[in-house]
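Residues 1 to 492 in the UniProt record's numbering are what the sequence shown spells out, letter by letter. Everything on this sheet refers to the single structure shown next.
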Amino acid sequence: MVFKRKVAFAASLIAVGLVIGLILASNLNIQNQSVAQSKEVASHSKAILEQFSNALAEVTEVARPAVVNISTMKTVDMKDNPMGRFFEDPFFRRFFGDENPFHSPKKHESKALGSGVIVRDDGYILTNSHVVKDVDEIKVIMHNKTEYKGKVIGTDSKSDLAVIKIDAKDLPTIKFGDSSKLKPGEIIIAIGNPFGLNQTVTMGIVSAVGRSDVGIADYEDFIQIDAAINPGNSGGALVSINGELVGINTAIFSTSGGYQGIGFAIPTNMAKTVMDSLMKKGKVVRGWLGVNIQPLTPELSKSFGITEKTGVLIADTVDGGPADKAGIKRGDVIVMFNGKESTSTRQLRNMVSTIDPGTMVDVKVIRESKELVLSVKVGELPDDKAAALMPSAQESETKMRGIGVQNLTPTMRERFNVPAKVSGVIVTGVEEDGPAASVLRPGDIIGEVNKKRISNVTDYEAAISNIKKDDDVLVLVYRSGSFIYVTISSKK
1 MVFKRKVAFA
11 ASLIAVGLVI
21 GLILASNLNI
31 QNQSVAQSKE
41 VASHSKAILE
51 QFSNALAEVT
61 EVARPAVVNI
71 STMKTVDMKD
81 NPMGRFFEDP
91 FFRRFFGDEN
101 PFHSPKKHES
111 KALGSGVIVR
121 DDGYILTNSH
131 VVKDVDEIKV
141 IMHNKTEYKG
151 KVIGTDSKSD
161 LAVIKIDAKD
171 LPTIKFGDSS
181 KLKPGEIIIA
191 IGNPFGLNQT
201 VTMGIVSAVG
211 RSDVGIADYE
221 DFIQIDAAIN
231 PGNSGGALVS
241 INGELVGINT
251 AIFSTSGGYQ
261 GIGFAIPTNM
271 AKTVMDSLMK
281 KGKVVRGWLG
291 VNIQPLTPEL
301 SKSFGITEKT
311 GVLIADTVDG
321 GPADKAGIKR
331 GDVIVMFNGK
341 ESTSTRQLRN
351 MVSTIDPGTM
361 VDVKVIRESK
371 ELVLSVKVGE
381 LPDDKAAALM
391 PSAQESETKM
401 RGIGVQNLTP
411 TMRERFNVPA
421 KVSGVIVTGV
431 EEDGPAASVL
441 RPGDIIGEVN
451 KKRISNVTDY
461 EAAISNIKKD
471 DDVLVLVYRS
481 GSFIYVTISS
491 KK
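Structure, rendered in structure tokens:
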């Protein structure tokens, strides 16, 4: 009986062992299959990565020879140390001899580094204006370490672009791509010489396109990238996966002075226009409408009775300028320029600048809720000449919901440099917590209130007399040499 029990117990152990063995074997088989499958996946992934890596290397190899290192030197006059002149006195020279402990050199050599892109095989190189402007010497180092002396053909601070030339032939170049086709998420390659490290290649993606109001240049339409660029990359190449030049690396956004994942490049479509003008004329000739423009905000759209959500508001026109001659008026909203929709002030300004002076273009405007198409002969952009207004501390004579104004006298015109053609009343105070606090400031000239022209305080009081407490007010303001429209809202 005991034996039977022992046999039964042993059989039970064997059965349990068999079950456990089957489970372990099953798990081992699954693991083996899993390992085999993972190896297949890894092999497949590796092949894809190898293809991708080889493609990037091939693109880089095509583009790199066209990117150069630019080294500049500028001689800077140093200020004399007053103590140095003191120790030149014969009395002190008896003690110190000719060794002046406070002597400082009269001049100092300031050196800087940048990058450039060869755009023509006969030695023309595109770079940034801030790399080569106002320097005394330019040294260009090629990808094969060959050095050349460079000379400036032309610079353009408004776009931060420049063209230099070296005396060489049969140089490697890079094909220009269409930067307008770039989209966020596309892979790009940056090539340059950060910190003097020649032919440095970094990779990233296009983070955004059409960036403006960055504060780098007057004309901005930047490609934002996350490829690492640092000091010395300025003027280098931004290359597409097709091996084409799509941008000129220009600047970074950084709180530390180094790379933080935000870089900016000038698109080649803009750069090529500037480059061609610099190479042909030594300067950039830009189109000009002769208007002062501002964004069309929802508040301004409401004040003007405009239903369009996009467009650019004309705040003023230059007397005798292209727009004035064509019949464009203050208060018009440009919705289309030369067949392209006008979506922002920067975009319109960039479009106008690329038109050759003398070209006739159609401009579609909204005026008094009606659509008009006017033909404008584009002029040439003159040198900027803007007057600045300083705040006034004069006592207020009348109030419009927290706004103090007074007549614009000849003395005040001279003091604030207000042209004779500008009429209105000067803002002398704005209530800190009033509705106008965010849009008006002392020194502003109010030229219109709800489209009614203002010449003096009497006109101003008449214009505001019918304004109800909850009404929004459209005001034309002259500030810093330009007219702008603002809306004073009853809602704070």
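Positions of the beta carbon are idealized from the N, C-alpha and C atoms, including for glycine. Because the structure is a prediction, the values reported are computed rather than measured.
Secondary structure note for E448: its beta strand (DSSP E) is the uninterrupted segment I445 to V449.
A residue is called buried once 16 or more other Cβ atoms fall within 10 Å of its Cβ, and G379 is buried on that count.
A direct Cα-Cα distance of roughly 43 Å separates N292 from T200.
One Cα belongs to Y478, the other to G424, and the distance between them is close to 9 Å.
The Cβ atoms of D316 and L372 do not sit closer than 9 Å to each other. DSSP places M142 in the coil class of the three-state scheme, outside both helix and strand. Residue pairing by DSSP places L474 opposite T487 in a beta bridge. With a cutoff of 9 Å on beta-carbon distance, G114 and G305 are scored as not near each other. Fewer than three Cβ pairs drawn from the region 294 to 308 and the region 177 to 187 lie within less than 8 Å of each other, which leaves the two stretches out of contact.
Here L197 is exposed. Its C-beta has fewer than 16 other C-beta atoms within 10 Å.
Distance from the Cα of I488 is smallest, within the candidate group L476, D472 and S480, for D472.
The beta carbon of L381 is closer than 6 Å to those of R286 and W288 in its chain, skipping five residues each way along the sequence. Within its own chain, the residues whose Cβ lies closer than 6 Å to the Cβ of V427, once the five positions on either side in sequence are excluded, are V405, L440, P442 and D444, listed in chain order.
With a cutoff of 9 Å on beta-carbon distance, G192 and I223 are scored as not near each other. Note on P419: under 16 other CB atoms within 10 angstroms of its CB, so exposed under the neighbour-count rule. Under the three-state reduction of DSSP output, V378 falls in the coil class, being neither helix nor strand.
E137 is bridged by DSSP to M73. The beta strand (DSSP E) runs lying completely inside the region 242 to 281 and spanning 3 residues or more are 245 to 252 and 263 to 267, given in chain order. Of the residues assessed, V475 falls on the buried side of the cut-off, its CB having 16 or more other CB atoms within 10 angstroms. Taking C-beta atoms as the reference points, V274 and G311 fail to come closer than 9 Å. Annotation: the continuous alpha helix (DSSP H) that includes A463 extends over V457 to I464. Leaving aside the five residues that flank S369 on each side, the residues in its chain whose CB is nearer than 6 Å to its CB run, in chain order, G305. The beta-carbon separation of V376 and P322, rounded to 5 Å, stays under the 8 Å limit for a contact. The bridge partners DSSP lists for E414 come to none.
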